[in-house]
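Numbering (full-length UniProt numbering), first residue to last: 1 to 233.
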Ligand SMILES: [Mn+2]
């Protein structure tokens, strides 16, 4: 019974299948997906459909899923009326589109309507964070960071944006007894990182977005029981 974490798959279906093979995920294992499944890469919806059929996957919401949830209803509807409410939706759509939504939309609109609603429902059930205790170690899993961090602030007190959009300061140790596992920030962009392209571990941080959707980036997976790391080519 092992626990694995992956993040920021961003439509990289082949890389995802490759790391799944490498970890040899068993039925009794659990895979946490730390958000940003959608956008940028070629097959975001194909990845989502794969996750939906896997029984041992738990998804945590990323900012790209948040943007998508706000827009997918709008894509499905026929736009026949003009109201001020619609302008807000156009605005949301434009933000999502500028963040790499094209491939997600191209795949999404080809689905039948039952499947479209299934995907929306699936994403609406994503959790926001997860606390784990494994082999004597505490872990806190969240997509983005702990925006407006304060040591006494309880996880429940953070806003959705603070957990999903804000970035972690990797030079700062947030907790003495909790490893904070985050995606959202590709490890090659962490200034103090001496091993770009690898999972970053320092100051009780574990940053696992190895930039799969960028040139030279790859998909990283960590096993929380052993600390073992796995990478796509
Ligand atoms: Mn993100």
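Using N, Cα and C, we set each Cβ at its ideal position, and we do this for glycine too.
Note that the coordinates shown come from a computational prediction; the quantities given were computed from them, not determined experimentally.
{"query": "Considering only residues of the segment 47-99, which uninterrupted beta strand (DSSP E) runs meet the minimum length of 3 residues and lie entirely inside it, listed in chain order?", "result": "57-59"}
{"query": "Does DSSP classify residue 203 as helix, strand or coil?", "result": "coil"}
{"query": "When a residue counts only if its C-beta is closer than 7 Å to some heavy atom of ligand 1, which residues count, in chain order?", "result": "8, 35, 36, 62, 63, 64, 143, 144, 183, 184"}
{"query": "Quick one: give me the first and last residue of the alpha helix (DSSP H) that residue 215 is part of.", "result": "No alpha helix (DSSP H) contains residue 215, which DSSP labels as neither H nor E."}
{"query": "Can you confirm whether the segment 223-231 touches the segment 18-33 when touching is taken to mean that 3 or more C-beta pairs between the two stretches lie within less than 8 Å?", "result": "yes"}
{"query": "Sorted by chain position, which residues of the same chain lie with C-beta nearer than 8 Å to residue 128's C-beta, five sequence neighbours on each side aside?", "result": "60, 61, 142, 160, 163, 164"}
{"query": "Can you tell me whether residue 229 is helix, strand or coil according to DSSP?", "result": "strand"}
{"query": "Find out if the Cβ-Cβ distance for the pair residue 208, residue 190 is shorter than 8 Å.", "result": "no"}
{"query": "Can you give me the C-alpha to C-alpha distance between residue 215 and residue 192, rounded to a whole angstrom?", "result": "21 Å"}
{"query": "Using the C-alpha atoms, what's the distance from residue 7 back to residue 184?", "result": "8 Å"}
{"query": "Assess, as a yes-or-no matter, whether the segment 86-103 is touched by the segment 113-132 under the definition of 3 or more beta carbon pairs within less than 8 Å.", "result": "no"}
{"query": "Let me know the secondary structure DSSP gives residue 158 once reduced to three states.", "result": "coil"}
{"query": "Is the segment 168-181 touching the segment 46-59, taking contact as three or more C-beta pairs under 8 Å?", "result": "no"}
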